[in-house]
Ligand SMILES: [Zn+2]
């Protein structure tokens with residue numbers, strides 16, 4: 008029964024001890040460590056023999072049978088007895104649950120995939136998976152980093168767009184007696200208009216730092232003078248003019264991303 012339940016749960020390295028329902032009818036699953044590798048020191052690899060203490064970690068995981076479940080993992084903290092090992096003690100971990108994590112890896116991956124491949128917003132994915140916005144954003148970043156190339160392919164027509172998002176924040180620099188922007192409400196997006204690469208990047212701010220962002224520099228380096236910058240449809244008149252003159256795309260020379268850097 009225990010082995011069948013563990014197989015149903017499908018978390019390698021964890022054994023199901025028992026399942027009960029809480030007051031809301033949510034299954035509460037008690038699991039234990041079933042992987043001998045978990046008691047090997049994470050630094051030197053030596054197999055530990057002396058327990059320091061027992062701890063219990065509550066984990067979030069994917070639904071099972073369409074119902075959310077809560078995991079309760081009672082695990083050991085071991086002493087590492089290797090004399091020269093700097094890690095004096097360590098807590099058991101398994102592949103699906105790294106040290107200090109309160110979520111299974113497959114839950115993070117599912118949330119990241121929902122945003123990257125299923126078109127969900129981060130807010131929606133966070134709500135669907137019962138986790139927070141920052142965790143889903145980090146999961147999406149990890150997913151995208153794994154599947155996207157380091158640099159985009161050459162771009163023929165680069166779209167540059169400004170998006171207003173959230174509220175601006177500033178901090179006051181006492182020695183300089185001036186305010187510094189810590190969160191810019193303007194973001195600049197770079198889009199491959201003629202190819203199939205979609206959104207290449209979105210960077211915070213529309214200042215000099217934003218216009219020197221990596222995608223634009225990469226496109227300029229790869230395509231040299233073949234890159235034709237365009238702004239979003241609402242700015243079509245300006246962008247045509249900017250492309251013709253080869254000077255700038257956007258509203259204000261001081262506040263927008265320039266075309267000059269995309270033209271080699
Ligand atoms: Zn060790």
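In our numbering, the protein residues as written are 8 to 271. C-beta: ideal position from N, C-alpha, C; glycine also.
Member of the options whose CA lies at the smallest distance from the CA of residue i
i, options, result
"residue 75", "123, 189, 28 and 53", "28"
"residue 155", "62, 204 and 209", "204"
"residue 212", "152, 184 and 176", "176"
"residue 19", "152, 102 and 127", "102"
"residue 159", "129, 147 and 202", "202"
"residue 150", "195, 16, 120 and 32", "120"
"residue 174", "40, 190 and 45", "190"
"residue 140", "161, 106 and 118", "118"
"residue 71", "210, 13, 182 and 180", "13"
Residue i and residue j closer than 7 Å at C-beta
i, j, result
"residue 80", "residue 69", "no"
"residue 193", "residue 171", "yes"
"residue 38", "residue 78", "yes"
"residue 108", "residue 59", "no"
"residue 89", "residue 47", "no"
"residue 122", "residue 132", "yes"
Limits of the unbroken alpha helix (DSSP H) element including residue i
i, result
"residue 120", "112-123"
"residue 33", "Premise fails: residue 33 is in no alpha helix (DSSP H) and is neither H nor E."
Residue environment, residue i, which counts as buried when at least 16 other CB atoms sit within 10 Å
i, result
"residue 85", "buried"
"residue 10", "exposed"
"residue 115", "buried"
"residue 36", "buried"
"residue 15", "exposed"
Boundaries of the beta strand (DSSP E) in which residue i is found, first to last residue
i, result
"residue 176", "176-180"
"residue 199", "193-199"
Backbone secondary structure at residue i - three-state DSSP
i, result
"residue 107", "coil"
"residue 16", "helix"
"residue 227", "Residue confidence for residue 227 is low, a pLDDT of 43 falling below 50, so the modelled location carries little weight; the figure read from the coordinates is stated next. DSSP places residue 227 in helix when its eight states are reduced to three."
"residue 211", "strand"
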